[in-house]
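In the order they appear, the protein sequences are chains A and U. Under the UniProt record's numbering, the residues of the first sequence are numbered 1 to 277, in order. Under the UniProt record's numbering, the residues of the second sequence are numbered 1 to 308, in order. Please read the structure below before turning to the comments.
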Amino acid sequence: MLDTTPPAAHKPNRPTVGRWIRDHLVVVFGILALLFMFAPIANVVRFSFNKPEGKINLIWNQFSLDAWKDPCGASGLCDSLWTSIWIGVVATAIATGVGTLAAFGMSRHRFRGRGLANVLVFLPMATPEVVAGSSLLTLFLNLGVPLGAVTVVIAHVMFCLSFVIVTVKARLAGMDPTLEQAAQDLYADPTQTFWRVTFPLVLPGIVSAAMLSFSLSFDDFIITNFNSGSTVTFPMYVWGAAQRGLAPQVNVVGTGMLVIALTVVVIGRFVSSRRAR
Amino acid sequence: MTAAAAAVAETSGLSTPPPPPGPRSKKLTPLFLLLPAALAMLVFFVIPIMTLASTSLMQGSLSTGFRQTFRWSNYGEILSEYYPQFLRSLLYASLATLMTLLIAYPLAYMIAFKAGRLRAVLLVLVIAPFFTSFLVRTIAWKQILADDGAIVHFMNNTGLMWLFDHLGLTEGRVLSTPFGVILGLTYNFLPFMVLPLYASLEKIDRSLLMASGDLYANSWTSFWKITWPLSLPGVVSGTLMTFIPAAGDYVNAELLGGPSTTMAGNVVNNQVRNFQYPASAAMSVVLMLAIVLLVAFYVKRSGTEELV
């Protein structure tokens, strides 16, 4: 479609390797970029099947399924995984609930300070994690709040909230307003309109906000590191273990997370495409 | 996936239409809807930032306690001792942002214009690396870039290492050098660049490109006159979403760098570990102010002020 150059008169327009590369240069670079993105992932997956010679899983030794058969074999790993999962679930539930309410409030109502509210939502996303993390820490220290799982949950809710509000707001903005009007024309009262029309339409936005928020919480290291006290989340475990050498089980968890996430995305696509039909 | 895309689409300047003035907008409803989020923002974001600013002027130690003495020299001390780290943060983050832009643009362009039915698959692939823990991926880079690894051999054999050594980016090796840290930053924040770029490229009206083709513009001219200007909102939000976290990062500097490549984030983290709270707070405030000023200047220059 873009290739509308008039053919040069003196040269036969013959497909050659050089020409193909020029025409597809952007694709070549795009694929190189994808390879760059997947280089470390390939490494993580590959070394989950390694049987390291000593404790350090850095050099390829021999193929083995040991780590996959015994994912909890590295001490403390599974505990940290559970900690991350429950903290992620709690933080996601709170952030999604509070954030969805706020998104409705911000996109459906005019009020004074709406512009300020938008800036306030954007600010935490524009704050470097070290600043957000260390500022929360100074607050907790000043108030004498003991660091632990509770402070981690608070910190996670804090940074997930903005992402939830932004995501749900985007969904609300993209919604067809005539559907709600139609419901009201058909004598649905506001409550019915909300639960029968508005909510089902916004639900996919809320679900993706929750998924985003869980993955942000699950993977957060910098903010957690400031506020965790002695609570060990999965990233905290990896950080601590990295000094001593990571067990292949860590790679198993990394690979497993990737597989689970991809499965969820694929199922989500499948469900939404079946619904669309 | 759609969530991240939606999040960046929103920040990339997609202006939300004004709320419909429905008959239901009673005066108090927005208050109740917003109250929990507003309280959370106030207590856990605004107040902490204020506490941070206040702590940065305190004096004392862990054993004697910290008192507010408005000690402005905290700033002078931290800057005179750690200005290299501070400048390095800005430099590394800028270089990494430039690299992510160069790598992400062709990728986003390919997904938006050339992928056809593979588009959804490619978008999933772009965010898939997100799901393998950030730390685990960065540690994998440590493995890939190891001194006896294939990358270092390749760079040695092709003379790339010689070139990079002379640019001051490497020192006969990649780990513990600026190049290692910048590469890590580039890698880790790449999706934050690809998604907003994709969001703005995908919105471009294809008939504009056809029209320019009909008017005998070659594909290069079409790109610079149409595609690039229309993708600028994506470029601006992508660079912000890369630069801001990169400037505050310390994980890449810690894992892929060495003593000579530490950044402002490392200073904040180390001061906290040593219970030097006023010093760490002062460094955080300086970093935050620098980022806010740079971002404000950049957004003003690029003319996309509806971004926030």
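Built from N, CA and C at the ideal position, the CB exists for glycine as well. Bear in mind that the values here come from a model prediction, so they are computed numbers and not experimental data.
- Glycine 229 of chain A is outside the set of residues whose beta carbon lies under 8 angstroms from a beta carbon in chain U.
- Tryptophan 86 of chain A is outside the set of residues whose beta carbon lies under 8 angstroms from a beta carbon in chain U.
- Burial is judged here by how many other beta carbons sit within 10 angstroms of a residue's own beta carbon; histidine 153 of chain U has fewer than 16 and is exposed.
- The region 207-254 of chain U contains, as complete alpha helix (DSSP H) runs of 4+ residues, the segments 219-222, 228-248 (chain order).
- Under DSSP, phenylalanine 63 of chain A forms a beta bridge with A:Asn50.
- Here arginine 114 of chain A carries a helix assignment [DSSP, helix/strand/coil].
- Counting along the chain, serine 61 of chain U sits inside the beta strand (DSSP E) bounded by residues 58-61.
- For glycine 88 of chain A, no beta strand (DSSP E) run applies; the uninterrupted alpha helix (DSSP H) run containing it begins and ends at 77-108, by DSSP.
- Phenylalanine 194 of chain A carries a helical assignment under DSSP once its states are collapsed to helix, strand and coil.
- Using a CB distance cut-off of 8 angstroms, proline 40 of chain A counts as an interface residue toward chain U.
- Residue pairing of glycine 65 of chain U in beta bridges, as defined by DSSP: U:Ser61.
- By the Cβ criterion, the region 40-57 of chain A is in contact with the region 246-253 of chain A, since at least three pairs of Cβ atoms, one from each stretch, lie closer than 8 angstroms.
- For the 8 angstroms CB-CB criterion, leucine 240 of chain U and glycine 184 of chain U do not form a contact.
- For the region 52-63 of chain A, the set of positions with a beta-carbon nearer than 8 angstroms to some beta-carbon of chain U reads Leu58 in chain order.
- Contact of isoleucine 165 of chain A with chain U by beta-carbon distance below 9 angstroms involves Ala37.
- By the Cβ test, the region 72-83 of chain A is in contact with the region 234-249 of chain A, since at least three Cβ pairs between them sit closer than 8 angstroms.
- With a 10 Å radius around the Cβ and a threshold of 16 neighbouring Cβ atoms, aspartate 219 of chain A comes out buried.
- Listed in chain order, the non-local C-beta contacts of glutamate 180 of chain A below 7 angstroms within the same chain comprise Thr193, Val197, Thr198, local neighbours out to five positions each way being set aside.
- Sequence-distant partners of isoleucine 59 of chain A (beyond 5 residues in either direction) whose C-beta falls short of 8 angstroms from its own C-beta, in its chain, are Pro52, Glu53.
- Around the beta carbon of glutamate 81 of chain U, fewer than 16 other beta carbons sit within 10 angstroms, so the residue counts as exposed.
- Under the three-state reduction of DSSP, isoleucine 291 of chain U is assigned to helix.
- Bounds of any alpha helix (DSSP H) do not take in phenylalanine 113 of chain U, whose DSSP letter is neither H nor E.
- Scanning A:Phe36, A:Leu262, A:Ala173, A:Arg171 for the CA closest to the CA of isoleucine 103 of chain U turns up A:Phe36.
- The residue from A:Gly256, A:Ile267, A:Val264, A:Ser272 with its alpha-carbon nearest to that of lysine 69 of chain A is A:Gly256.
- Where phenylalanine 140 of chain A is concerned, the enclosing alpha helix (DSSP H) starts and stops at 129-143.
- DSSP, reduced to helix, strand and coil, places aspartate 70 of chain A outside both helices and strands of the structure shown, so it counts as coil.
- Membership of tryptophan 162 of chain U in the alpha helix (DSSP H) is indicated by the continuous run 160-166.
- When DSSP states are grouped into helix, strand and coil, proline 146 of chain A belongs to the coil group.
- Counting of Cβ neighbours within 10 angstroms places valine 130 of chain A among the buried residues, the total reaching 16 or more.
- The C-alpha of leucine 215 of chain U is placed about 42 angstroms away from the C-alpha of alanine 246 of chain U.
- Contact fails between the region 144-160 of chain U and the region 209-226 of chain U, because fewer than three Cβ pairs, one in each stretch, are under 8 angstroms apart.
- Nearest to leucine 203 of chain A by C-alpha distance, out of A:Val28, A:Pro235, A:Gly268, A:Gly254, is A:Gly268.
- Rounded to whole angstroms, alanine 150 of chain U and valine 17 of chain A show a C-alpha spacing of 28 angstroms.
- Membership of proline 235 of chain A in the alpha helix (DSSP H) is indicated by the continuous run 234-244.
- Taken through DSSP and simplified to helix, strand or coil, glycine 174 of chain A comes out as coil.
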